[in-house]
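For what it's worth, the numbering used here labels the leading residue of the sequence shown as 8, then goes sequentially.
Quick reminder that beta carbons are idealized off the backbone N, C-alpha and C, glycines included.
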Amino acid sequence: MKKLLLTTCIAVVVVAVSGCCSMCGAGGSKEGIKTVGTAELQKIVEKKTALIFDARSVKFDTGERIPGARAMSTETSPEDVANAILGKNAAVVVYCSNTKCPASGNLAAYLKKLGYTNIMEYPEGIEGWKAAGNKIEKLN
Numbered sequence: 008m009k010k011l012l013l014t015t016c017i018a019v020v021v022v023a024v025s026g027c028c029s030m031c032g033a034g035g036s037k038e039g040i041k042t043v044g045t046a047e048l049q050k051i052v053e054k055k056t057a058l059i060f061d062a063r064s065v066k067f068d069t070g071e072r073i074p075g076a077r078a079m080s081t082e083t084s085p086e087d088v089a090n091a092i093l094g095k096n097a098a099v100v101v102y103c104s105n106t107k108c109p110a111s112g113n114l115a116a117y118l119k120k121l122g123y124t125n126i127m128e129y130p131e132g133i134e135g136w137k138a139a140g141n142k143i144e145k146l147n
């Protein structure tokens with residue numbers, strides 16, 4: 008009986024923790040949103056094969072961007088999103104500060120909700136990009 012109770016308690020904890028992680032964006036890519044690494048993003052930047060958006064809020068914006076990136080957040084109106092991303096199948100990469108920053112995952116989910124289908128997230132963010140020795144653009 009004790010073994011059954013212990014097994015049940017463990018199962019409840021596992022389910023609860025996995026549910027929390029899915030809500031906070033931890034634990035891997037979200038459904039329909041591909042994760043890209045630094046090497047893949049380097050190719051995207053070099054070949055300009057996707058639109059790139061910095062999801063950081065003004066509070067966390069350091070004035071540095073991955074080359075070609077523009078600012079966008081979940082506060083951006085659907086009309087402004089449509090003006091920035093021409094076509095629901097356009098390739099889009101979103102990023103924020105680092106792997107602990109939820110803004111890029113939130114923006115990716117927002118874009119998916121608006122019907123965009125080719126969304127990629129770069130979870131390492133601007134910090135990972137710089138740590139890998141890549142060039143950045145500085146805003147004036």
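Simplified DSSP assignment, three categories, for residue i
i     : result
Thr42 : strand
Ala62 : coil
Range of the contiguous alpha helix (DSSP H) that encloses residue i
i      : result
Ile126 : No alpha helix (DSSP H) holds Ile126; the beta strand (DSSP E) holding it covers 126 to 129.
Tyr117 : 110 to 120
Lys90  : For the record, residue 90 in the displayed sequence is Asn; it is not Lys. Unbroken alpha helix (DSSP H) run through Asn90: 85 to 91.
Distance CB(residue i)-CB(residue j) smaller than 7 Å
i      : j     : result
Met127 : Val88 : no
Lys145 : Glu71 : yes
Nearest-angstrom Cα separation, counted from residue j out to residue i
i      : j      : result
Gly44  : Tyr129 : 6 Å
Ala76  : Cys103 : 11 Å
Ser111 : Thr83  : 13 Å
Tyr96  : Gly140 : Before going on, a small fix: residue 96 reads as Asn here, not Tyr. One C-alpha to the other measures close to 31 Å.
Gly135 : Asn105 : 6 Å
Ala98  : Thr81  : 18 Å
Residues bridged to residue i [DSSP beta-bridge criterion]
i     : result
Ala78 : Asp61
Tyr3  : In the structure as shown, the chain begins at 8 and stops at 147. Residue 3 is therefore absent and cannot be evaluated.
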